[in-house]
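Worksheet for the structure shown next.
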Amino acid sequence: MLAKALPWIARASLLFAAIDFGTVGTLYFLSPIGEAANSTITAAEAAGVTNIRVGFGAFHLGVGLIAIFCLLKPQRIIIGLALVCAMTTTAILVRLFGLMVDGWHERTVLLLQLECLGLVIFATGLWAERRRLKALHA
5 MLAKALPWIA RASLLFAAID FGTVGTLYFL SPIGEAANST ITAAEAAGVT
55 NIRVGFGAFH LGVGLIAIFC LLKPQRIIIG LALVCAMTTT AILVRLFGLM
105 VDGWHERTVL LLQLECLGLV IFATGLWAER RRLKALHA
C-alpha cells in the first residue's frame, strides 16, 4: 500500500515546492515594493526596487521553475526535492542567524515556522522518493 503512495508523495511535495517558490517569486517580481513592505523593507530608488525584484523574485521563480522541470521526468524528481530541501534549509539557517544577530521580530518567527513546515513537506517527499528508488533497485 505504501509503495503505491510513495511516487505520489514525492510528486505532491515537489509540486507544493513549485507552487510555494513560484508564488513568492511572482509576488516579488510583480509587486516588489508592496511585498517588501510586508517585511518592513523599503527601497528609496529604482535600483533598490530592482534589487528586491531580483533578490526575492528571480531566485524564488528560478527554484519554482526548476521544480516544475524536475516534475516532468521521474528521474529528476529526487534532484528537484534535494534542491528545494537545500534552499529551504539554507533559508532557515540564515533566518536563525538573523534572529540571533538582528533580534527577534514576530514576522521573522512566522516566516521561520512556515519555512520549517515547508522543509518537513519537502524532506518527506525526498524520503519517499529515496525509498521508492531503493525498492526498485532491491
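In our numbering, each number is its position in the sequence shown, counted from 1, plus 4.
Just so it is clear, CB atoms sit at the ideal spot from N, CA and C, and this is done for glycine as well.
Remember, predicted model here, so these are calculated numbers, not experimental data.
Worksheet entry | Simplified DSSP assignment, three categories, for residue 9 | helix
Item to complete: Would you check if the distance between the CB atom of residue 132 and the CB atom of residue 89 is smaller than 7 Å?
Response: no
Worksheet item: Roughly how many angstroms lie between the CA atoms of residue 114 and residue 76, to the nearest whole one?
Response: 32 Å
Item to complete: Confirm the yes/no value for this check: CB of residue 37, any heavy atom of the ligand PLP, distance under 6 Å.
Response: This structure does not include the ligand PLP; it has no bound ligands of any sort.
Worksheet item: What residues in its chain sit with their C-beta under 7 Å from that of residue 7, if we drop five residues either side in the sequence?
Response: 139
Item to complete: Have a look at residue 27 and residue 94 and give me their C-alpha separation to the nearest angstrom.
Response: 19 Å
Worksheet entry | Integer-rounded CB distance, given that residue 135 should sit under 8 Å from residue 82 | Not confirmed; about 11 Å, so no contact.
Worksheet item: When the Cα atoms are used, what is the spatial distance from residue 129 to residue 20?
Response: 10 Å
Practice prompt. Quick one: measure Cβ to Cβ for residue 91 and residue 67, integer angstroms, because I've assumed they're closer than 8 Å.
Written response: 6 Å
Fill in: Proximity of residue 118 and residue 71 at Cβ, strictly below 7 Å
no
Worksheet item: Going by other Cβ atoms of all chains shown within 10 Å of its Cβ, with 16 needed for buried, is residue 106 buried or exposed?
Response: exposed
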